[in-house]
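Just so we're aligned: the sequence shown equals residues 293 to 505 in the working numbering. A virtual CB, placed ideally from N, CA and C, is assigned to each residue, including glycine. Heads up: the structure comes next, in structure tokens.
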Amino acid sequence: MYKIIVGGKIHQSGINLLEKVNNFEVIILPDASQETLENNISDADGVLLRLQSFTKLMIDNSPKLKILSRNGVGYDRIDIPELTNRKIPLTIVGDVNSGSVAEHTIMFILDLLKNSKRHDAMVRGNKWKDRDLLISNDFDGKKILIVGFGKIGQKVAKIARAFNAQINIYDPYIDNQKNFQTIIIFCWSWSSPLSRTPEIIVTCARRWKTYHR
Numbered sequence: 293m294y295k296i297i298v299g300g301k302i303h304q305s306g307i308n309l310l311e312k313v314n315n316f317e318v319i320i321l322p323d324a325s326q327e328t329l330e331n332n333i334s335d336a337d338g339v340l341l342r343l344q345s346f347t348k349l350m351i352d353n354s355p356k357l358k359i360l361s362r363n364g365v366g367y368d369r370i371d372i373p374e375l376t377n378r379k380i381p382l383t384i385v386g387d388v389n390s391g392s393v394a395e396h397t398i399m400f401i402l403d404l405l406k407n408s409k410r411h412d413a414m415v416r417g418n419k420w421k422d423r424d425l426l427i428s429n430d431f432d433g434k435k436i437l438i439v440g441f442g443k444i445g446q447k448v449a450k451i452a453r454a455f456n457a458q459i460n461i462y463d464p465y466i467d468n469q470k471n472f473q474t475i476i477i478f479c480w481s482w483s484s485p486l487s488r489t490p491e492i493i494v495t496c497a498r499r500w501k502t503y504h505r
């Protein structure tokens, strides 16, 4: 019997999938706090994380651990070198939420350009005479800079193109621009005039080169 710890609430379909395995004992921790997780992993064979960290000390305290999984895509809170050293695999959910994140990004851009929250508050407060106090801007023709052109960045660019936005990209890891040159402009340094845009969207992963820079 393998003990699987689920650190917090996940979709019921995921729970059903785990519980169908005959030799799995599935323990769901409704309290997804870091402390609760740390107190329940000592005899776990597998751990599924939500937003918690998984440090070297936690790996040390999980001698039976065979696999670690994240219900998400980021893994900056996980000690990857230590997992690698112990040959413990890490799984993530892949590309399932990049579209949602891209749509969320566009929502924020439109919200900022249109001052929608303040306009909504004025309408609800019956302040019709104040309509000219706020200025709304159009997304049409706006120049944006997307920092990081991975799955999320590319989907943001695709949606932004529908608004006729001028798209500039900064991503030092892109080694083949041929597929994108018809719709975007690449900036190769922060000093480039093209990088000086009113709207900057950061969709890059947090790594040692990008952390607090």
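CA-to-CA, the gap between isoleucine 297 and methionine 414 works out to about 48 Å.
For leucine 341, the enclosing beta strand (DSSP E) stretches over residues 338 to 341. Contact check for leucine 360 and leucine 343: beta-carbon distance about 14 Å, past the 8 Å limit, so the pair fails to qualify. By alpha-carbon distance to glycine 300, the top candidate from Val339, Asp403, Phe316 is Val339.
Note on the region 293 to 373: whole alpha helix (DSSP H) runs with a minimum of 4 residues are 304 to 311, 326 to 330, 348 to 352, in chain order.
Taking C-alpha positions only, leucine 310 is separated from isoleucine 401 by approximately 39 Å. For the options Ile384, Asp403, Tyr462, the alpha carbon positioned closest to that of glycine 364 is the one of Ile384.
With three or more CB-CB distances shorter than 8 Å, the region 351 to 360 counts as touching the region 370 to 378. Take lysine 348, set aside five residues on each side of it, and the residues of its chain with a beta-carbon closer than 8 Å to its own are Asp371, Glu374, in chain order.
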